[in-house]
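Going by the numbering used here, the first residue of the sequence shown is number 1, and it counts up by one from there. Positions of the beta carbon are idealized from the N, C-alpha and C atoms, including for glycine.
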Amino acid sequence: MTQRIFSPAWNRWLLVASLSLAASALPVPGQAAEPKDRPERAIAVSTEYSEIAVPVGETVRMDLTVENRGRRDENVLLRLSQIPKGWKVTIKGGQFLVTGVPVAPEKSRVLTVSAEPDKGARPGAYSFEIQGSTADGALRVTRTLTVTLEERRGGATVELGISTSYPVLRGPTDSSFEFSLELSNKADADRVVNVAAEAPKGWDVTIKPGYEAKQITSLKVRAGASERVTLELKPPREAQAGEYPILFRASTDRAQADSRLRVVLTGIYRLDATTPTGRLSLDAVAGRSATATFIVRNSGSAINRGVKLSSFAPENWKVEFSPERLEGLEPGALRPVEVKIVPAAQALVGDYSVTLTADGEKASKSVELRVTVSAPATWGWIGVGVIAAVIGGLGGLFAWFGRR
C-alpha cells in the first residue's frame with residue numbers, strides 16, 4: 001500500500017477552510033428573529049401621548065400609529081368608539097379622512113388624529129377611545145386618549161372674541177373709515193354684548209350692526225355664534241397727517257375683549273389761487289408785456305410737493321411764471337408767483353381770457369384771468385393824423401368848390 005503524505009501548506013489550507021465553515025454555521029448576535037418566531041397575527045394602535053393638557057378652545061392634533069406585528073398583511077379598520085359630547089374628532093391621512101389602512105408585516109402607518117372642542121366646552125378632562133380591528137374582526141385593540149382643557153390666563157375674556165381682516169386703514173383726512181369686526185360668543189349661553197370705541201378727540205364714532213344703518217351700543221349674540229358690526233370713524237377736518245390708534249371694546253357681564261385698530265391719515269390735499277387784491281383782471285397792450293402777481297396757497301393739511309404752474313392762453317400769446325415750480329408747500333403756506341403775459345402783436349382790442357393753473361401732488365387749482373387788450377399809443381397818433389388828413393382834405397375840397 002502506498003501512503004500519501006500532505007505538505008504543511010496543504011494542511012494549513014484545510015484548517016482555515018474548516019474554521020470558516022464552522023463560523024458560518026454559528027448564529028450572528030443581534031440577527032433578526034426568523035418569521036416563524038413572530039406571531040401569525042398581531043396589530044397595535046398608539047398615539048404620541050396618552051394624556052395631554054391644553055387651554056380651552058385649542059384643537060388637539062397628534063400622530064396616530066397603526067402597526068402590524070404579525071407575519072401576514074392586515075387591513076386595519078379604525079373607528080372612534082368614544083367621543084365626548086360636543087367634540088369633533090377625525091382621523092386623517094394627508095387631506096383624506098381615514099377609516100381603514102392596509103399595513104404590511106413588520107410595518108407601520110402614521111396618521112393624524114384631530115380633536116376640536118365645541119366653542120362652549122368647559123375646563124375639565126375628556127376621554128376618547130380609538131379602536132383598531134382587522135377586517136375579519138379576529139383582532140381588536142383600543143387606545144384611550146385623555147385631553148384636559150385648562151382655563152386660559154385671564155379666563156373671563158375667553159368667552160368673547162373680536163376679529164377683523166383689516167386692522168389698519170389709510171386715506172385722506174376728509175374720508176370716512178369703516179372697520180368690519182366680527183364678535184364671537186364662545187360661551188354656552190346667549191350674551192348681550194356692549195360695544196364701544198375710543199378715538200382721538202374730535203372724531204365722530206358710529207357703531208352699526210352689519211349691513212344696517214342704525215346706530216347701536218349693544219347687541220345680542222347667541223351661544224357659539226358670531227355677529228358682525230361696523231365701526232365708522234370720521235376725523236375732524238383740522239386733523240394732521242399721521243397715525244391714530246383706535247380701541248374697540250366688546251364686553252358682557254362676564255367677559256371683555258379688545259381690538260386695537262389704527263387709522264393712517266394722509267392729510268387733505270387742497271390748493272387755492274388768487275391775486276393780492278382778489279381782482280382777476282389785467283390791462284395789457286398788444287405785443288407788450290404786462291405783469292400780475294399770482295398767489296398759491298396750500299389750504300389743505302398735507303404737504304404739497306412739486307406744485308407746477310401752467311397756463312392756457314390765446315394763440316401766439318406768451319405767459320411766463322417766476323418761479324415755474326413751488327417745492328414743499330406746507331399746510332397753510334402761501335407763495336407769490338409773478339406772471340408775465342404778452343398778448344400777440346396782432347391782437348385786436350378787447351377782452352381775452354387766460355387760465356392760470358397750479359397743479360400739485362394730489363390737488364390742483366385754476367383761475368381765469370380777464371385780460372383787456374388795448375392798442376399801442378402810436379396807433380392812436382396815427383389815427384389822429386389820419387383824421388386830421390381827412391378833415392384837411394375835405395376842407396380843401398370845400399374851398400376849391402367854393403371858388404367855382
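Just list the residues that DSSP pairs residue i with in beta bridges.
i: S46; result: T65
i: Q82; result: E129
i: A491; result: The requested residue 491 is not part of the displayed model; the chain covers only 1 to 404.
i: V101; result: V76
i: T206; result: E232
i: Q256; result: S251
i: E150; result: P55
i: P245; result: R262
i: E116; result: K88
i: E227; result: L183
Let's test the definition: count the other Cβ atoms within 10 Å of the Cβ of residue i and tell me whether it reaches 16, buried, or not, exposed.
i: T217; result: exposed
i: I391; result: exposed
i: R61; result: exposed
i: G210; result: exposed
i: A135; result: exposed
i: F96; result: exposed
i: E212; result: exposed
i: A23; result: In this predicted model, A23 has a pLDDT of only 45, less than 50, meaning its place in the structure is not dependable; the value taken from the coordinates is given anyway. Exposed, by the Cβ-count rule.
i: K201; result: exposed
i: S176; result: exposed
i: A267; result: The sequence shown places Gly at residue 267, rather than the Ala named in the question. With 16 or more Cβ atoms within 10 Å of its Cβ, G267 is classed as buried.
i: T277; result: exposed
i: A292; result: buried
i: Y269; result: buried
i: V195; result: buried
i: Q31; result: Residue placement at Q31 is poorly supported in this model, since its pLDDT is 45, which falls under 50; the coordinates are not used for a value here.
i: L394; result: exposed
i: A104; result: exposed
i: Y49; result: exposed
i: R305; result: exposed
i: I387; result: exposed
i: Y405; result: This structure does not reach residue 405, given that the chain is present from 1 up to 404, and the question cannot be answered.
i: R288; result: exposed
Residues in the same chain with beta-carbon distance under 7 Å from residue i, minus the five sequence neighbours each way, listed in chain order, please.
i: Q82; result: S127, F128 and E129
i: V205; result: A197, A199 and L233
i: A225; result: N185
i: S310; result: T357 and D359
i: A33; result: Residue confidence is low: A33 scores 46 on pLDDT, short of 50, so the model does not pin down where it sits. No coordinate-derived value is stated.
i: A25; result: Unreliable positioning characterises A25 in this predicted model, as indicated by a pLDDT of 44, which lies under 50. A coordinate reading is not provided.
i: E243; result: R262 and V264
Give every residue of the same chain whose Cβ lies closer than 6 Å to the Cβ of residue i, excluding the five residues on either side of it in the sequence, and list them in chain order.
i: A313; result: V319 and V354
i: S409; result: In the structure as shown, the chain starts at 1 and stops at 404, and residue 409 therefore has no counterpart that could be examined.
i: S111; result: In the sequence as displayed, the identity of residue 111 is Leu instead of Ser. If we look at L111 and ignore the five residues flanking it on each side, its Cβ neighbours are L64, I91, G93 and V98.
i: V28; result: Residue placement at V28 is poorly supported in this model, since its pLDDT is 44, which falls under 50; the coordinates are not used for a value here.
i: R297; result: D272 and L334
i: D118; result: G86
i: P84; result: Y126
i: W317; result: P343 and A344
i: S322; result: E338
i: S299; result: R270 and D272
i: D188; result: G120 and A223
i: L329; result: N298, N304 and V307
Do residue j and residue i come within 8 Å of each other at the CB atom, strictly closer than that value?
i: L247; j: R260; result: yes
i: E51; j: T146; result: yes
i: A358; j: V307; result: yes
i: V342; j: A375; result: no
i: A121; j: G86; result: yes
i: L77; j: G100; result: yes
i: A290; j: L282; result: yes
i: R69; j: I43; result: yes
i: E238; j: S301; result: yes
i: A406; j: V339; result: Since the first and last residues shown for the chain are 1 and 404, residue 406 lies out of range.
i: T274; j: V371; result: no
i: P245; j: W203; result: no
i: T47; j: R143; result: yes
i: T230; j: K214; result: no
State the CB to CB distance for the pair residue i and residue j, rounded to an integer number of angstroms; the pair is presumed to be in contact (CB under 8 Å).
i: I303; j: P331; result: 7 Å
i: E116; j: T59; result: 4 Å
i: S114; j: V141; result: 21 Å between Cβ atoms; not a contact.
i: R222; j: D253; result: Contact flag wrong, Cβ pair sits at about 16 Å.
i: G132; j: V45; result: 4 Å
i: N75; j: P55; result: Wrong, their Cβ atoms sit about 38 Å apart, outside the cutoff.
i: V264; j: K220; result: With a Cβ gap of about 34 Å, V264 and K220 do not count as contacting.
i: A286; j: A347; result: 4 Å
Excluding sequence positions up to five away, which residues of its chain have a Cβ less than 8 Å from the Cβ of residue i?
i: E324; result: K308 and L309
i: K107; result: E67 and N68
i: E40; result: G70, R71 and R72
i: Y166; result: F179 and S180
i: G124; result: T148 and L149
i: D37; result: none
i: G405; result: Coverage of the chain is limited to positions 1 through 404, which leaves residue 405 absent and any answer about it impossible.
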